[in-house]
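Accompanying notes for the structure given below.
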Amino acid sequence: MNNVDVWRVLDLETNDCATNMAIDEAILFHISEGKVPNTIRTYRWNPSAVSIGYFQSVYEEVNIEACQSKSVDVVRRITGGGAVYHDYEGEITYSVLVRDNDPKIPKDIIKSYQLICQGIIYALADIGIDATFKPINDIIAGTKKISGNAQTRRKPGKDIVILQHGTILRDLDIKKMFSVLRVSKEKISDKLIEQVEQRVTSIRRELGDKLVDFETLKNSLERGFSKTLSIQLERSTLTESERKLATEFKEKKYGAKDWVFKR
Amino acid sequence: MKNKAEKKVPGGKLIRVTVETDVTMSKIVNVMFTGDFYMHPEEEIHTLENSLKGTKIDEKEFKRIITNFFENEIIQILGAGPEDFLEILVTALSG
């Protein structure tokens, strides 16, 4: 008897920031309506972009002029949390979308973060990095953050759906990151950079200057999520209806100034 | 009059408030909480902000509104607590 839970997995995609966020919400809607299975996806951002948390003020967090001059996009997420610089080469992002009533998912929010983050910890172990979960929702290698994660729980249709998305740092350019985030010039001192280097790390750093290609990272993440959630992954694509809704969310929400600049 | 305050919650997240009062500093005209905390459902932050608008500047009244809001069982917050919302609001208005 085969009672292994089958989830959908979407292939690694590269999109602009508004499309990336619109796809997450379109999938969330369709899972809530019972139209598609629980889903895992990995993606990259081109152009590179800053995503800010739902409650953040774009004016407080983002150096908008620097973003414009460096062709870095800005988007507001539907999840809380902090501002993230998604460098095209520097990180890989994932989303896990699952019905809230799935028996695998703990009711306790931090425990649910821990379960899903364990998939990333397995993936990092796969490429030779020892990492652990740090509540509320970080993953650290040694004492340094290597992955940040955020959840929302929404019910646009019949069921509540959990969306957890997060980023895994592949390579880190702190100066570039600070040039697009709102940190005062005085603060971008060598001392601050040193301090951040003590708190944040990347796959490249942990592996002694070795870069891991995106395909390998994607495969490791998929295996990691499959293991932590005890699921089988079936490769598929977005449905026509999801694509259509994602286009709508991109135009009316994530790509619209009133959403990005609402706080 | 526009006032601001912020707090890094120990072991938690950063929470900021921008609050606008009338010229006599007698009531709140506008208020916005920002930061990297987590709250589900996210949109409910507007309910909290709207319920504080028009409120007279009175800590007891702020406490009543904030407590009522977070007592609603659909509201889940991580990285900050009701007391932090109250604290920064009071700090902003006393500065």
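As you go down the protein sequences, you meet chains A and B in turn.
Following our numbering, the numbering of the first sequence begins with 1 at its first residue and continues without gaps.
Following our numbering, the numbering of the second sequence begins with 1001 at its first residue and continues without gaps.
Don't be surprised by glycine CBs; every beta carbon is placed ideally from N, CA and C.
Cβ neighbours of residue i in the same chain (closer than 6 Å, five flanking residues each side left out)
i               : result
V84 (chain A)   : S51, T167
M1 (chain A)    : In this predicted model, M1 (chain A) has a pLDDT of only 46, less than 50, meaning its place in the structure is not dependable; the value taken from the coordinates is given anyway. No residues qualify anywhere along the chain.
E13 (chain A)   : Y43
V1009 (chain B) : A1080, D1084
T1034 (chain B) : R1016
Q118 (chain A)  : T228
V1031 (chain B) : V1019, E1049, L1052
D108 (chain A)  : none
P135 (chain A)  : I110
P156 (chain A)  : F29, S32
Selection from the options that minimises the alpha carbon distance to residue i
i               : options                        : result
I160 (chain A)  : A:K210, A:I140, A:D102         : A:D102
K244 (chain A)  : A:V4, A:F29, A:D126            : A:F29
F249 (chain A)  : A:R41, A:N3, A:N20             : A:N20
V1090 (chain B) : B:E1071, B:I1066, B:N1072      : B:I1066
K175 (chain A)  : A:L169, A:S147, A:L192, A:E206 : A:L192
V200 (chain A)  : A:D126, A:N3, A:I139, A:N63    : A:I139
E194 (chain A)  : A:K144, A:N149, A:K210, A:L238 : A:K144
V62 (chain A)   : A:L207, A:G208, A:G82, A:W45   : A:G82
R41 (chain A)   : A:D16, A:T237, A:S57           : A:T237
A18 (chain A)   : A:G34, A:S48, A:I31            : A:S48
L211 (chain A)  : A:R170, A:N3, A:I146, A:E240   : A:R170
D258 (chain A)  : A:V4, A:R8, A:Y94, A:V58       : A:V58
Y1076 (chain B) : B:E1044, B:G1011, B:K1002      : It is worth fixing the name first, because residue 1076 (chain B) is Gln in this sequence and not Tyr. The shortest C-alpha separation from Q1076 (chain B) is found at B:E1044.
L97 (chain A)   : A:K262, A:D16, A:R76, A:R8     : A:R8
Enclosing alpha helix (DSSP H) for residue i [first to last residue]
i               : result
I121 (chain A)  : 109-126
L1052 (chain B) : 1045-1052
A266 (chain A)  : Nothing about residue 266 (chain A) can be read from this structure; chain A reaches only from 1 to 263.
T1091 (chain B) : 1082-1094
A26 (chain A)   : 17-32
E65 (chain A)   : 64-69
For residue i, the three-state DSSP class (helix, strand or coil)
i               : result
D130 (chain A)  : coil
K1063 (chain B) : helix
Q56 (chain A)   : coil
K257 (chain A)  : helix
G166 (chain A)  : strand
G224 (chain A)  : helix
M1 (chain A)    : Annotation note: pLDDT 46 at M1 (chain A) (below 50); position unreliable, coordinate value reported separately. Correct three-state label for M1 (chain A): coil.
R77 (chain A)   : coil
S147 (chain A)  : strand
K1013 (chain B) : coil
L172 (chain A)  : coil
T216 (chain A)  : helix
K252 (chain A)  : helix
E95 (chain A)   : Inspection of the sequence shows that residue 95 (chain A) is occupied by Ser rather than by Glu. Strand, per DSSP.
V196 (chain A)  : helix
V180 (chain A)  : helix
E13 (chain A)   : strand
R154 (chain A)  : strand
N205 (chain A)  : Sequence inspection shows Arg at residue 205 (chain A); the Asn mentioned does not correspond to that position. Here R205 (chain A) sits in helix by DSSP.
8 Å contact criterion, which residue i and residue j should meet: CB distance rounded
i               : j               : result
I180 (chain A)  : K70 (chain A)   : Per the sequence shown, residue 180 (chain A) should be read as Val rather than Ile. With 8 Å as the limit, V180 (chain A) and K70 (chain A) qualify as a contact, their Cβ atoms being about 7 Å apart.
A26 (chain A)   : Y254 (chain A)  : Actually they are not in contact, since the Cβ atoms of A26 (chain A) and Y254 (chain A) sit about 11 Å apart, beyond 8 Å.
L10 (chain A)   : I120 (chain A)  : In fact, because the Cβ distance is near 17 Å, the residues do not count as touching under 8 Å.
K1013 (chain B) : A1092 (chain B) : That pair is no contact at about 18 Å.
L172 (chain A)  : R223 (chain A)  : 24 Å between Cβ atoms; not a contact.
G80 (chain A)   : E1073 (chain B) : With a Cβ gap of about 19 Å, G80 (chain A) and E1073 (chain B) do not count as contacting.
A150 (chain A)  : H165 (chain A)  : 6 Å
L207 (chain A)  : I92 (chain A)   : The Cβ separation is near 15 Å, so there is no contact.
K158 (chain A)  : E242 (chain A)  : Contact doesn't hold; Cβ gap of about 16 Å is too wide.
N46 (chain A)   : Y88 (chain A)   : 5 Å
S202 (chain A)  : I146 (chain A)  : 7 Å
L1086 (chain B) : K1063 (chain B) : 6 Å
First through last residue of the beta strand (DSSP E) which encompasses residue i
i               : result
F1033 (chain B) : 1028-1035
K1004 (chain B) : 1002-1008
L1078 (chain B) : 1076-1078
T39 (chain A)   : 39-45
E234 (chain A)  : 231-236
A141 (chain A)  : 138-141
M1025 (chain B) : Run containing M1025 (chain B): none; DSSP gives neither H nor E here.
Y1038 (chain B) : 1038-1040
Y88 (chain A)   : It is not in any beta strand (DSSP E) - Y88 (chain A) carries neither H nor E in the DSSP assignment.
Residues near residue i by beta carbon distance below 7 Å, same chain, minus five either side
i               : result
P1082 (chain B) : I1066, T1067, F1070
Contacts around residue i, its chain only, beta-carbon distance under 8 Å, and the 5 residues preceding and following it disregarded
i               : result
V6 (chain A)    : P37, I231, Q232, L233, E234
C67 (chain A)   : V50, D73, V74, V180
I1057 (chain B) : T1021, M1025, S1026, K1027, I1028, L1093
I78 (chain A)   : M21, D24, E25, Y54, T152, R154, L163
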